[in-house]
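Note that our numbering has the sequence shown beginning at 1, numbered continuously upward. Beta carbons: idealized from backbone N, C-alpha and C, even for Gly. For reference, the structure is listed below as C-alpha cells.
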Amino acid sequence: MLRPYLEKKEKEIEAFNKKFNMDPEILVNGRRQTNLGIFRAYLKAYLTNREDIRNDMTFLVRHLPPSEKGIPIEIYVFTKTTEWAAYEDIQADIFDLVLAVLPEFGLRVYQFPKSGDFARLTGKSQNS
C-alpha cells in the first residue's frame, strides 16, 4: 500500500537534495522522509481504500500545529452513511487501526498524565 508513495517520495527528495547540492550523509542537510510523514501517507492510503469512506468530498489527513502535547494528526473524511450508529462504528474502526499501527511507525499516542501516574512513578500513594 505504501510502496508507490515511498518510491515517488524518495525520487522527489533525491531530486531536491541534488538540485540544492545537499549531502544526505549529513543528517541535518536536505530533505528526508520521516516516520510521521510516512504514517500520514499510510492513513491516506488506508482511508482511500475503505469502501465506506467517500472520496468525492473533503478528504484530509494532515498535521496540525505542534505543541507541548505533540503533533496532532487530523483525519477529516466523510462516510457514505448518515446513520449514526454505523458512522460511530466506522470511526471506531479507523481509530482502532490508528492505535494498533502507531508503534509500527515508531510513534505513540500522547496521554496527559494524571496525579496517579506521578504517584506510581515516585512510588508514593496519592494520599501521602
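{"Query": "I need the straight-line Cα distance from residue 12 to residue 19, nearest angstrom please.", "Result": "11 Å"}
{"Query": "State the CB to CB distance for the pair residue 43 and residue 61, rounded to an integer number of angstroms; the pair is presumed to be in contact (CB under 8 Å).", "Result": "5 Å"}
{"Query": "Anyone know if the C-beta pair for residue 39 and residue 121 falls short of 8 Å?", "Result": "no"}
{"Query": "What's the call for residue 41, buried or exposed, on a 16-neighbour Cβ count within 10 Å?", "Result": "buried"}
{"Query": "Using only the alpha-carbon positions, how far apart do residue 88 and residue 111 sit?", "Result": "22 Å"}
{"Query": "Starting from residue 38 and walking both ways along the beta strand (DSSP E), at which residues does that stretch end?", "Result": "That residue, residue 38, is in no beta strand (DSSP E); its alpha helix (DSSP H) goes 35-48."}
{"Query": "Does the beta carbon of residue 70 sit closer than 8 Å to a beta carbon anywhere in chain C?", "Result": "Included in the structure is just one protein chain, with no chain C present."}
{"Query": "Which of the three DSSP states, helix, strand or coil, is assigned to residue 121?", "Result": "helix"}
{"Query": "I want to know whether the stretch 54-68 touches the stretch 95-105 - three or more CB-CB distances under 8 Å.", "Result": "no"}
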